[in-house]
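One structure is given here, and the rest of the page talks about it.
In UniProt numbering, the protein residues as written are 1 to 258.
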C-alpha cells in the first residue's frame with residue numbers, strides 16, 4: 001500500500017505554515033515534506049511533528065537566493081564553499097527533524113554557460129554531500145525538473161540523473177522521481193519506473209498539466225501506485241501539488257489508501 005506525505009509548502013495554504021501539520025494529520029497523513037525548513041527553528045518544527053504523530057519525510061537543502069530566482073547552487077561554479085556550508089545546515093536540521101532524505105537542487109544554467117563545467121562542479125559537490133550525509137545515515141536525492149516550470153534548470157531527464165548517480169558511485173545518492181516533471185519532459189512513466197526503481201530514493205506526484213490533485217489530469221495514478229507497490233518501493237510518496245480548491249475537500253483520491 002502506498003504511503004503518502006503531504007507537501008506543506010503547496011498543500012494547506014489556507015492555514016499558516018505551522019498550523020499545516022495539524023491539518024495534514026487530521027486528514028490522515030502520517031508524514032510531511034516541504035521545500036525548506038529554515039525560516040523556523042528546528043526544535044519548533046520537531047515539536048509540531050511530535051504533537052501530531054508525523055514523520056518528516058524530506059526537505060531541500062538551502063537553494064541559494066530563492067527570492068531572487070536561484071533554484072539551487074549544487075552545479076554553480078564558484079559557489080562550492082557556500083554549497084558545502086548549506087549542506088552542513090541541512091544536516092543540522094535533519095538531525096533534529098529525523099528525516100533520512102535530503103533533496104539537493106542542481107540550479108540554473110544559462111545558454112552561454114558550459115554544461116561540462118557545471119556538470120563537473122555538480123558531481124564534485126554531490127560526492128562531498130553523499131559522504132557528509134552518509135555519516136548521518138541520510139540519503140541524498142537529486143531531481144530532474146521540467147524547464148516549463150523552471151526555465152534553465154540544469155537537470156531535466158531521468159536517465160541523466162541516474163547516470164550522474166552512477167558516476168558519483170555513492171550508495172546513498174539516488175534520484176527523486178517526480179511524476180509531474182517526468183511526464184512533462186519525457187512521459188512513459190511506467191517504463192522508467194521499472195527501469196530505474198533500484199536508483200529511485202523518493203517519489204512525488206501531482207496532476208498533469210495543471211499540478212492539481214492526482215485524480216485530475218492525464219496520468220492514471222491508480223495504475224502507477226499499483227506498479228510502484230509491485231516494484232517494491234516502500235518509501236514515502238510526496239504529494240507536491242497545488243489543490244484546486246480547499247486541500248481537505250480535494251482529498252477524495254486519498255481515501256482508498258488510508
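Just so it is clear, CB atoms sit at the ideal spot from N, CA and C, and this is done for glycine as well.
Being a predicted model, the structure only gives us computed values, none of them experimental.
Check: In DSSP terms, what residue 254 is bridged to; Outcome: None; residue 254 has no bridge partner.
Check: Residue 12 vs residue 23 beta-carbon contact at 8 Å; Outcome: yes
Check: Residue 6 classed as buried or exposed, judged by whether at least 16 other C-beta atoms fall within 10 angstroms; Outcome: buried
Check: Test item: CB-CB of residue 122 and residue 42 under 8 Å; Outcome: no
Check: Distance between residue 49 and residue 31 (C-alpha atoms, nearest Å); Outcome: 9 Å
Check: Residue(s) in a DSSP beta bridge with residue 103; Outcome: 60, 141
Check: Cβ shell of residue 171 (< 7 Å), same chain only, five flanking positions each side left out; Outcome: none
Check: Whole-number beta carbon distance between residue 9 and residue 34, since they are thought to touch under 8 Å; Outcome: 4 Å
Check: CA-to-CA distance, residue 247 to residue 185, given in whole angstroms; Outcome: 27 Å
Check: Local Cβ density within 10 Å of residue 230, reported as buried at 16 or more and exposed below that; Outcome: exposed
Check: Residue 199 (DSSP reduced to helix, strand or coil); Outcome: helix
Check: Cα-Cα separation between residue 46 and residue 134, rounded to whole angstroms; Outcome: 22 Å
Check: Extent of the continuous beta strand (DSSP E) to which residue 150 belongs; Outcome: No beta strand (DSSP E) holds residue 150; DSSP gives it neither H nor E.
Check: Nearest residue (CA-CA) to residue 51, options 74, 75, 69, 26; Outcome: 26
Check: Boundaries (first-last residue) of the beta strand (DSSP E) holding residue 176; Outcome: 173-178
Check: heavy atom of the ligand NAP below 7 Å from residue 249 C-beta; Outcome: Summarising the ligand content, the structure contains no ligands, and the ligand NAP is consequently not present.
Check: Local Cβ density within 10 Å of residue 101, reported as buried at 16 or more and exposed below that; Outcome: buried
Check: Buried versus exposed, by CB contacts within 10 Å (16 or more), residue 89; Outcome: exposed
Check: Boundaries of the alpha helix (DSSP H) in which residue 86 is found, first to last residue; Outcome: 80-97
Check: Delimiting residues of the beta strand (DSSP E) encompassing residue 220; Outcome: Note, residue 220: premise wrong, no beta strand (DSSP E); not H, not E.
Check: Presumed contact (8 Å Cβ cut-off) between residue 75 and residue 106, rounded CB distance; Outcome: 5 Å
Check: Coil, strand or helix - residue 44 by DSSP; Outcome: helix
Check: Residues near residue 216 in its chain [Cβ-Cβ closer than 8 Å; skip 5 each side]; Outcome: 207, 210, 244
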